[in-house]
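In the working numbering, the protein residues as written are 108 to 201.
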C-alpha cells in the first residue's frame with residue numbers, strides 16, 4: 108500500500124521540485140530588479156525632501172522603497188517557496 112502511495116505521489120513531488128526550482132530562479136531575478144527600484148525610491152525620497160521640502164512625498168517614497176526591499180515583496184515570495192519545499196519534503200517522506 109505504501110508503494111502505491113509513493114507511485115501516485117511521485118509526479119506531484121516531481122512537479123513541486125521543478126516548480127520550486129523555477130520559482131527560485133524567478134525570485135532571484137525579481138529581487139535584483141526590485142533592489143534597483145528600491146534604490147531609485149530612496150533617491151527620490153532624499154531628492155524630494157532636500158530640494159522640494161516635501162516630507163509627504165519623501166515618506167511615501169520610503170514606504171514604497173521598504174515594500175520593494177528584501178524585507179517586503181521578496182520575503183513573501185521566499186516564504187511561498189519555502190512552503191512548497193516543506194510540502195515536497197512531506198510528500199517525499201510519506
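Using N, Cα and C, we set each Cβ at its ideal position, and we do this for glycine too. Computed from a predicted structure; not experimentally measured.
Give the DSSP-derived three-state secondary structure of residue i in the structure shown.
| i | result |
| --- | --- |
| residue 145 | helix |
| residue 150 | helix |
| residue 187 | helix |
| residue 108 | coil |
| residue 158 | helix |
| residue 179 | coil |
So the alpha helix (DSSP H) residue i belongs to, where does it begin and stop?
| i | result |
| --- | --- |
| residue 173 | 162 to 175 |
| residue 201 | Unbroken run through residue 201: none, as it is neither H nor E. |
Can you name, in chain order, every residue of its own chain whose Cβ lies under 7 angstroms from the Cβ of residue i, other than the five neighbours on each side?
| i | result |
| --- | --- |
| residue 185 | 134 |
| residue 201 | 112, 116 |
| residue 179 | 173 |
| residue 194 | 123 |
Enumerate in chain order the residues of its own chain whose CB-to-CB distance from residue i is below 8 angstroms, with the five nearest sequence positions on each side excluded.
| i | result |
| --- | --- |
| residue 119 | 198 |
| residue 181 | 134, 137, 138, 141 |
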